[in-house]
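Contents: one structure, followed by commentary.
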Amino acid sequence: MSHTISILGSTGSIGRQTLDVAEQMGLRVAAITANSSVERIEEQARQFKPRLAVLTDEAAAKDLAARLADTDTRVLGGFDALLEAATVPEADTVVTAVVGMVGLKPTLAAIKEKKRIALANKETLVCAGELVMDAADAAGAEIVPVDSEHSAIFQCVQGCADRREIKRLILTCSGGPFYGMTYDEVGKMTKADALKHPNWKMGPKITVDCATLMNKGLEVIEAMRLYRLPLEQVSVVIHRQSIVHSLVEYRDGAVLAQLGTPDMRLPIRYAMTYPERGVNPAEPLDLLTCPPLTFAAPDREAFPCLRLAEEAATQGGTACAILNGANEEAVRLFLADKIGFHDIPRLVAEARAKVPVVQSPTLEEILEADRAARQAVLGD
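Numbered per this note's numbering, the sequence shown finishes at 386, counting up by one with no gaps.
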């Protein structure tokens, strides 16, 4: 059970919802961080009165420090300040809600201090899963997933004493806004189209990843790392209603599923209360009024990013870091209207072909693979 939390990425979608949960549960907030959202983090600091507020944009941090001069909140700027926010002594839980590789080093720092990691930053496990899980084992730190799919699996395996009993993890996927379209039809879609997710309200980067199905590919890799399973034991099904959040099939044929409304506050709350379950004021799922539940196979031809992620998972080593770094840069270019939708998988595939893969990499080699992949996309 969490009592005091630090939130890395407090102004994003997950961060804001975590603060909602903290307010409902009466949790103390020790530290909050963002990139450059001065006004929003100022509002959060005044409401929750954290000991520390961090903006990685140093100019924005100076502005925030002036704004909060009348409070007891200490303000720091720069990337290294994220490490301090991740390790504040009074926080027992660190919510990693930042997007991208920026979450890796703060997560490792929090693990070293034996914090509970409420993990919403999938790139950490995608790029350095073995290192992160080994570090958590060595330190005795808990990693409790916040992504709805991984939280569902986490809940479904609580009664599984022997992980060898797991036959398959089944990740559900809404299919994004372009479900049912052909490859050619998808290629005509615009940024505005890609940002219209049918079920969830999220930040732009993850919403585009959902449209390409790269988000599901990254979650496949994340599941492999969390549960130390090969790709053959992790599968994906399209479930348009986002009510079954994921399933676990056991070797005896039993399939356990976790169901709930598409509300990220549910897995966030569970990450705070685990291993207990607290009373939730939100409206529960009503099976009599929810829509029929349907399932279908994903189309890897129309959405090649899922296939690219599975290929990287099979290759191992730094292949997943290359995949992720290239995708982050390609999505950034797409959101800046500099490339088209199909250019995202094209650039990712080209980066994977250009950047050599290192097996059993060190942290430095993972970070170098990420840098080289981004450089390959940008053409520098």
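Here a beta-carbon is modelled for each residue, glycine too, at the ideal position from N, C-alpha and C.
Distance, residue j Cα to residue i Cα
i      : j      : result
Arg46  : Val101 : 18 Å
Leu224 : Glu334 : 12 Å
Val35  : Asp190 : 48 Å
Gly18  : Cys216 : 17 Å
Arg122 : Trp206 : 26 Å
Glu316 : Thr77  : 49 Å
Ala97  : Glu307 : 45 Å
Tyr276 : Val27  : 10 Å
His9   : Leu88  : 20 Å
Ala65  : Leu82  : 11 Å
Arg174 : Glu255 : 5 Å
Ile13  : Ala144 : 23 Å
Val363 : Val383 : 16 Å
Lys120 : Met195 : 45 Å
Asp153 : Asn221 : 11 Å
Thr24  : Arg73  : 24 Å
Residue i (DSSP reduced to helix, strand or coil)
i      : result
Gln264 : strand
Leu125 : strand
Ala147 : coil
Thr387 : With the chain covering only 7 through 386, there is no way to say anything about residue 387.
Lys211 : helix
Thr39  : strand
Ile249 : coil
Gly84  : coil
Ala103 : coil
Cys296 : coil
Glu255 : strand
Ile20  : helix
Val242 : strand
Thr77  : coil
Val285 : coil
Leu33  : coil
Lys118 : helix
Val138 : helix
Ser154 : helix
Cys166 : coil
Lys194 : coil
Val363 : coil
Ala303 : coil
Ile345 : coil
Arg352 : helix
Thr218 : helix
Ala60  : Checking the sequence, you will find Val at residue 60 rather than Ala. Three-state DSSP puts Val60 in a strand.
Proximity of residue i and residue j at Cβ, strictly below 8 Å
i      : j      : result
Thr99  : Ile11  : yes
Leu329 : Leu312 : no
Pro210 : Leu219 : no
Val214 : Leu33  : no
Gly193 : Val105 : no
Val240 : Leu253 : no
Ala37  : Ala103 : no
Leu61  : Ala40  : yes
Gly331 : Asp376 : yes
Val94  : Arg57  : yes
Ala319 : Arg358 : no
Val163 : Ile172 : yes
Glu228 : His156 : yes
Met7   : Thr188 : no
Cutoff 8 Å; reference residue i; Cβ partners in own chain excluding five residues on either side
i      : result
Ala141 : Leu114, Ile117, Lys118 and Ala147
Arg231 : Leu131, Val132, Gly135, Glu136, Val138 and Met139
Leu291 : Ile249, Leu265, Gly266 and Thr267
Cys166 : Ile172, Val254 and Tyr256
Cβ neighbours of residue i in the same chain (closer than 7 Å, five flanking residues each side left out)
i      : result
Asp69  : Val44
Val250 : Thr178, Ala263, Leu265 and Leu299
Ala378 : Val361
Gln30  : Pro287
Pro297 : Gln247
Met208 : Ser19
Cys133 : Met107, Leu110, Cys326, Ala327, Asn330, Ile372 and Asp376
Pro304 : Cys179, Leu219, Val242, Ile244 and Leu312
Leu339 : Ile345
Any non-hydrogen atom of the ligand PLP closer than 7 Å to residue i Cβ
i      : result
Leu341 : The ligand PLP is absent from the structure shown, which contains no ligands of any kind.
Cβ neighbours of residue i in the same chain (closer than 6 Å, five flanking residues each side left out)
i      : result
Phe54  : Val35
Pro151 : Leu125, Ser157 and Phe160
His348 : Gly193
Residue i at chain B interface by Cβ criterion, 8 Å
i      : result
Val150 : Included in the structure is just one protein chain, with no chain B present.
Decide if the region 126 to 143 is in contact with the region 347 to 355; the criterion is three or more beta carbon pairs, one per stretch, under 8 Å apart.
-> no
Given 8 Å as the limit, is there contact between the region 310 to 327 and the region 261 to 274, that is, 3 or more CB pairs closer than that?
-> no
Could you tell me whether the region 174 to 189 touches the region 242 to 257, where touching means 3 or more Cβ pairs closer than 8 Å?
-> yes
Stretch-stretch touch, CB-based, cutoff 8 Å, three pairs: the region 181 to 188 with the region 269 to 282 | no
The region 366 to 373 contacting the region 230 to 237, beta-carbon criterion three pairs below 8 Å | no
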